[in-house]
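The structure under discussion appears below in the form of C-alpha cells.
There are 2 protein chains.
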Amino acid sequence: MASSTVDQSQVARNGLREKVLTLNSMNPRVRRVEYAVRGPIVQRALELEQELRQGVKKPFTEVIRANIGDAQAMGQRPITFLRQVLALCVNPDLLNSPNFPDDAKKRAERILQACGGHSLGAYSISSGIQLIREDVAQYIERRDGGIPADPNNVFLSTGASDAIVTVLKLLVAGEGHTRTGVLIPIPQYPLYSATLAELGAVQVDYYLEEERAWALDVAELHRALCQARDHCRPRALCVINPGNPTGQVQTRECIEAVIRFAFQERLFLLADEVYQDNVYAVGSQFHSFKKVLMEMGPPYAVQQELASFHSTSKGYMGECGFRGGYVEVVNMDPAVQQQMLKLMSVRLCPPVPGQALLDLVVSPPAPTDPSYMQFQAELGLAPDMFFCLCLLEETGICVVPGSGFGQREGTYHFRMTILPPLEKLQLLLEKLTRFHAKFTVEYS
Amino acid sequence: MASSTVDQSQVARNGLREKVLTLNSMNPRVRRVEYAVRGPIVQRALELEQELRQGVKKPFTEVIRANIGDAQAMGQRPITFLRQVLALCVNPDLLNSPNFPDDAKKRAERILQACGGHSLGAYSISSGIQLIREDVAQYIERRDGGIPADPNNVFLSTGASDAIVTVLKLLVAGEGHTRTGVLIPIPQYPLYSATLAELGAVQVDYYLEEERAWALDVAELHRALCQARDHCRPRALCVINPGNPTGQVQTRECIEAVIRFAFQERLFLLADEVYQDNVYAVGSQFHSFKKVLMEMGPPYAVQQELASFHSTSKGYMGECGFRGGYVEVVNMDPAVQQQMLKLMSVRLCPPVPGQALLDLVVSPPAPTDPSYMQFQAELGLAPDMFFCLCLLEETGICVVPGSGFGQREGTYHFRMTILPPLEKLQLLLEKLTRFHAKFTVEYS
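The following block contains the structure:
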C-alpha cells in the first residue's frame with residue numbers, strides 16, 4: 001500500500017484515516033536502526049521494576065542494571081571538586097561563600113570569564129569555549145608526552161556520541177556500489193551500527209578474536225576490506241580502544257599496524273578512546289592513536305587522517321548526565337574542517353555545563369591546590385597512602401604507607417624511621433600526634 | 001576526479017597524497033547545508049573583535065552581537081531561583097547551607113530523587129526524567145486551559161533543535177519524485193533548511209506576507225503545495241509561531257485554517273513554539289497549536305498529527321547554554337512513537353542539568369513559596385508593583401501601584417485610601433512604616 005494514499009477499507013473499519021506517519025511510510029533507515037544498550041531488554045527491566053514496586057513476587061527482589069556504563073546511577077559519588085566548581089559556575093553568588101576552597105573559586109571565575117555574558121546560560125561558539133579547547137589541547141599534550149595538540153583541532157561535543165556521529169556524517173557519500181563503507185569491530189558499541197544504518201552507509205564488520213582476549217588482528221581487517229570492496233567503497237575504519245564492550249587494551253604494535261593498514265588502504269581513522277582512563281589489567285597500558293601516529297613519523301604522521309574521541313562520562317568521574325565530550329582531528333583537510341564546524345553550528349553549541357565539567361576533568365587540581373588532597377582521596381587512594389600524603393603536605397613529615405609492605409586486610413599502617421636526633425624526633429612525634437588526632441576527626 | 005583514487009599529479013606537486021576526506025569526496029548533503037545565524041558574517045565579527053583588541057582603528061569600538069537570541073550573552077542576569085536550585089542539584093552538600101531558601105532546597109531534593117543514583121551525573125532514560133515529563137505535561141495543561149497532556153507524549157531534548165531534527169528524520173523517505181517534501185516558511189529559522197538539506201528532503205518554501213506584518217496566508221500554502229507535488233511528495237508542514245525571525249504572532253483563526261489545511265492535505269504538522277513567552281504587541285496573544293487543535297474537535301482533534309516544540313533558551317529565562325527543550329506529540333502512531341524513542345536512545349539522553357532547568361521553568365515558585373517575591377521581581381515587575389505585591393503578602397495591606405495612574409518616569413508611588421476606622425488606620429500606618437523601612441534596606 002502506498003504510504004500517501006488513504007486506505008479506504010481501514011477508514012471503514014475504524015472510522016479513522018491512516019496516519020500520515022506510519023511504520024510503513026516513515027524513514028526506512030531509522031526503522032533499521034538497532035540500539036541494544038537501551039533496547040527491549042532494558043524496556044522489560046523498567047517493567048519488572050514497576051512490578052516489583054507493586055508487590056509482584058519474582059525470584060529476585062531488585063533489578064541490577066549492568067547494561068549501561070553509568071557509575072553514578074550505581075551509587076558512585078561525584079567528585080567533590082568537580083561539583084563545587086560547577087555549583088559556583090551555576091550560582092556565582094556562592095563565590096562570596098566561605099564554604100568553598102579558593103582554588104575551586106578561582107577555577108569557576110576563570111571558566112565564567114570565558115563564557116558569553118560570564119554565564120553558563122549563554123550559548124558558546126559552536127566548537128566550544130575557546131579557553132576550554134585550549135585546556136583540552138594541553139591535556140592531550142601532557143597525556144601524549146609533549147606531542148603538540150592544536151586547540152583549533154579540538155571540537156567540544158554533547159558527549160562523545162555527538163562528535164562520532166558528526167564525523168561519520170561527513171564521510172557518507174555515493175550511491176549503490178560507491179556508497180561509503182565503514183569498518184567497525186564486532187563486537188562494537190551499537191552507536192556505530194545505529195548511526196551507519198541511519199546515514200545509509202554500509203557497515204563493514206571485522207571480528208575481534210575472542211580467543212586472544214578480543215584482540216584486533218590486521219589480517220582480519222584485510223579480509224573484511226577485500227570483501228567489502230565488492231559492494232561498497234570503504235572509506236573509514238573505526239577502532240574502539242580500550243574496547244567497548246570487550247575491555248581489550250591494544251598494544252602499541254597493534255596500533256602501529258592498524259595505522260599502516262589505514263594509510264595503505266586510504267581509510268579515515270576514527271579512534272574511540274573514551275575508556276582511556278579505565279585500564280585495569282596488569283601490564284596493560286593505554287597508547288593514544290594520536291601519539292603513536294605522530295611517533296611513526298612521515299608519511300603517516302603528516303598524512304593519515306584521524307579523529308580521536310573522548311568523554312566526561314567514563315573514567316573516574318563518570319559524569320554521564322552532563323554530556324561532555326570532544327573530538328581532536330589530525331591531518332583533516334582544512335576545508336572539510338570548516339564544513340564540520342558549519343554542521344556543528346546548526347545545533348548551536350554543546351551544553352555549557354558539560355563543557356565546564358570537561359575543563360575540570362582535563363585540568364584537575366594541582367598538588368599545591370587546597371582541593372588536591374580531597375580530590376586524590378576520592379579517586380580511591382588507599383587510606384594509608386592518603387594519610388601519608390596528607391601528613392607530608394601538612395607537616396613535612398615523610399613516612400611510608402604500610403600497604404607497600406603488606407598488612408592484614410582492613411588494617412592500615414605506616415612505617416617511619418627513628419633516626420632523626422632526639423629533639424627533632426620529639427617535635428616530629430608532637431606534630432604527628434596533633435595531625436593524627438585532626439585526621440581521624442576529619443575523616444571518620 | 002573519483003574520490004578514492006590518488007591524484008598522482010597532486011602528489012607530484014606537493015609531495016602529499018590527496019586526503020581521503022575532501023570537499024569533493026565528502027557528504028554532498030552536508031556540503032549543501034547553510035546556516036546563516038553562525039555563518040560568514042559571524043565569523044567576520046569574531047575577527048573584527050580580535051582586530052579591535054589588537055588596537056586596529058575601525059569606525060566603531062565594539063561589535064554588538066544581535067545575530068543570535070542569547071539574552072545572557074547580552075548581559076541579562078540569570079533568574080536567582082533557577083540557579084539556586086541548579087547549584088543545589090549540582091552540589092548537594094549545599095542542602096545543609098542556611099543560605100538557600102527552603103523551597104529551592106525542596107525542589108532540588110525532588111529533582112535529585114528522580115535522578116539515577118540521585119545525581120545529575122547519571123544518564124536519564126532517553127525520553128527524559130519521568131518526573132520532569134510529568135511536570136511538563138502539567139505545565140502544558142495549565143497553559144492550554146486544562147486540555148489534558150500525557151507525559152508519555154512528552155520527550156525531553158537537547159534544546160528544541162534536537163527534537164525538531166528528530167521528528168524531521170522520521171518523516172524523510174522516498175527517492176526522486178517520491179522524496180519527502182517539507183513546507184517551511186520564508187523567512188524561516190535556518191535550522192529547518194539546514195536539516196532538510198542534510199537529510200536530503202525537499203524544502204518547499206511558502207512565503208510570509210511582509211505587507212501584513214509577516215502573516216501566514218493559507219492561499220500561499222496551497223500554491224506552494226500544488227507546485228511541490230510536481231517534483232516531490234509533501235508530507236509535513238512547519239509553522240513557527242511566534243515567528244522567527246519575524247516575531248509575528250498568529251491569530252486563532254489563522255491557526256485553525258492551517259490545521260484544516262494540514263488535515264485536508266495529509267500533512268504532519270510541526271509547530272515551533274519556542275518563542276511562546278515572547279509576545280509583546282498590544283492585542284497579540286499566543287495560542288498553542290495543541291489547544292486550538294483540541295478545541296476544533298473531531299475529526300481534527302483525534303486525527304491530525306502534531307509535534308509541538310519548546311525550549312529553555314528563550315522566554316524570560318534565556319538559559320541557552322543548558323540546552324533544555326521538549327517536544328509534545330499529538331495523535332502520533334504509537335509504533336512511530338516507539339521508533340522515535342529508539343532513535344533518541346542512540347544518543348543516550350539529553351543533558352540532565354538542562355532537564356532539571358526545564359523542570360523549574362515549567363513549575364516556577366508558587367505565590368506561597370519563599371522564593372516567589374524575588375522570582376517575580378526578577379521578571380521585570382515594575383518597582384511599585386513589586387512593592388505593593390510584597391506589602392500585601394507580608395502585611396495583608398492592599399494598596400495600588402502608581403503606575404496604574406501615571407507617574408513621572410523614574411518615580412514610583414502607590415495609592416491608598418484612608419477609609420478604614422481610625423484605630424485600624426493607625427495599625428495600618430505602623431505596619432506600613434515598618435515594611436517600608438525593611439523594604440528599602442532589602443532592595444537598595
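Heads up: the protein sequence lines correspond to chains V and G, in order.
Those letters in the first sequence? Residues 1 to 444, per the working numbering, in order.
Those letters in the second sequence? Residues 1 to 444, per the working numbering, in order.
Ideal Cβ placement from N, Cα and C applies to all residues, glycine included.
V:R347 belongs to the set of residues whose beta carbon lies under 9 Å from a beta carbon in chain G. In the DSSP assignment, V:L237 falls within the unbroken beta strand (DSSP E) covering R233 to I240. Taking every protein chain shown into account, the CB of G:Q426 has fewer than 16 other CB atoms within 10 angstroms, so this residue is exposed. If you keep only unbroken beta strand (DSSP E) runs of at least 3 residues inside the stretch 99-134 of chain V, you get nothing at all.
Against chain G, the beta carbon of V:G121 has neighbours under 7 Å at Q72, P78, G318, E319, C320, G321 and F322, listed in chain order.
Every beta strand (DSSP E) of 3 residues or more that sits fully in the stretch 200-259 of chain G is shown, in chain order, as 202-207 and 233-240. The C-beta of G:S308 comes no closer than 9 Å to any C-beta of chain V.
Residues of chain G whose Cβ lies closer than 8 Å to the Cβ of V:G243 do not exist, since the nearest Cβ in that chain is about 19 Å away.
Between V:G116 and V:A122, the gap from beta carbon to beta carbon is short of 9 Å.
Taking every protein chain shown into account, the CB of G:D135 has 16 or more other CB atoms within 10 angstroms, so this residue is buried. Looking at the backbone, the Cα of G:A197 and that of G:L306 are separated by about 22 Å. For V:R31, the closest alpha carbon among the candidates G:L120, G:I186, G:K57 and G:L171 is that of G:L171. For G:H310, the enclosing beta strand (DSSP E) starts and ends at L306 to S311. The alpha carbon of V:Q250 has as its nearest neighbour, out of V:L267, V:L360, V:A271 and V:R17, the alpha carbon of V:A271. Between the stretch 98-113 of chain V and the stretch 368-386 of chain V there are three or more inter-stretch CB-CB distances shorter than 8 Å, so the stretches are counted as touching.
V:V33 carries a coil assignment under DSSP once its states are collapsed to helix, strand and coil. In this model, V:H436 and V:L429 are separated by some 10 Å (Cα to Cα). Only those residues of the stretch 414-434 of chain G whose C-beta falls short of 8 Å from the nearest C-beta of chain V would be listed, and there are none. Straight through space, the alpha carbons of V:A215 and V:Y275 are spaced by roughly 16 Å.
CA-CA distance, G:G174 to G:T180, rounds to 6 Å. Judged by beta-carbon spacing, G:S363 lies beyond the 9 Å limit of G:I140, meaning their Cβ atoms are not closer than that value.
Across the structure, V:Q376 and V:V346 are spaced so that their CA atoms are roughly 40 Å apart.
The distance from the Cβ of G:R252 to that of G:V292 is about 6 Å, consistent with a contact at the 8 Å cut-off.
The alpha-carbon of V:A262 is positioned some 7 Å away from that of V:L237. Contact residues of the stretch 265-290 of chain V toward chain G are R266, L267 and F268 (C-beta to C-beta distance below 8 Å). Distance between V:L52 and G:R142, taken at the CA atoms: about 33 Å. Residues of chain G with a Cβ closer than 7 Å to the Cβ of V:L221 do not exist, since the nearest Cβ in that chain sits about 16 Å away. G:T158 belongs to the set of residues whose beta carbon lies under 9 Å from a beta carbon in chain V. Between G:G396 and G:F414, the gap from beta carbon to beta carbon reaches 9 Å or more. Counting along the chain, the unbroken alpha helix (DSSP H) around G:E442 starts and ends at L422 to E442. In this structure, V:C89 lies near V:P353, with their beta-carbon atoms less than 9 Å apart. Considering only G:N278, G:D230 and G:I125, the residue with the shortest C-alpha distance to G:G243 is G:N278. Under the criterion of beta carbons closer than 8 Å, V:E295 and V:S308 do not qualify as touching, at roughly 15 Å.
Looking at the backbone, the Cα of G:P59 and that of V:A73 are separated by about 56 Å. For V:E175, there is no enclosing alpha helix (DSSP H), as DSSP marks it with neither H nor E. Close to V:S25, with beta-carbon spacing below 7 Å, are these residues of chain G in chain order: A173.
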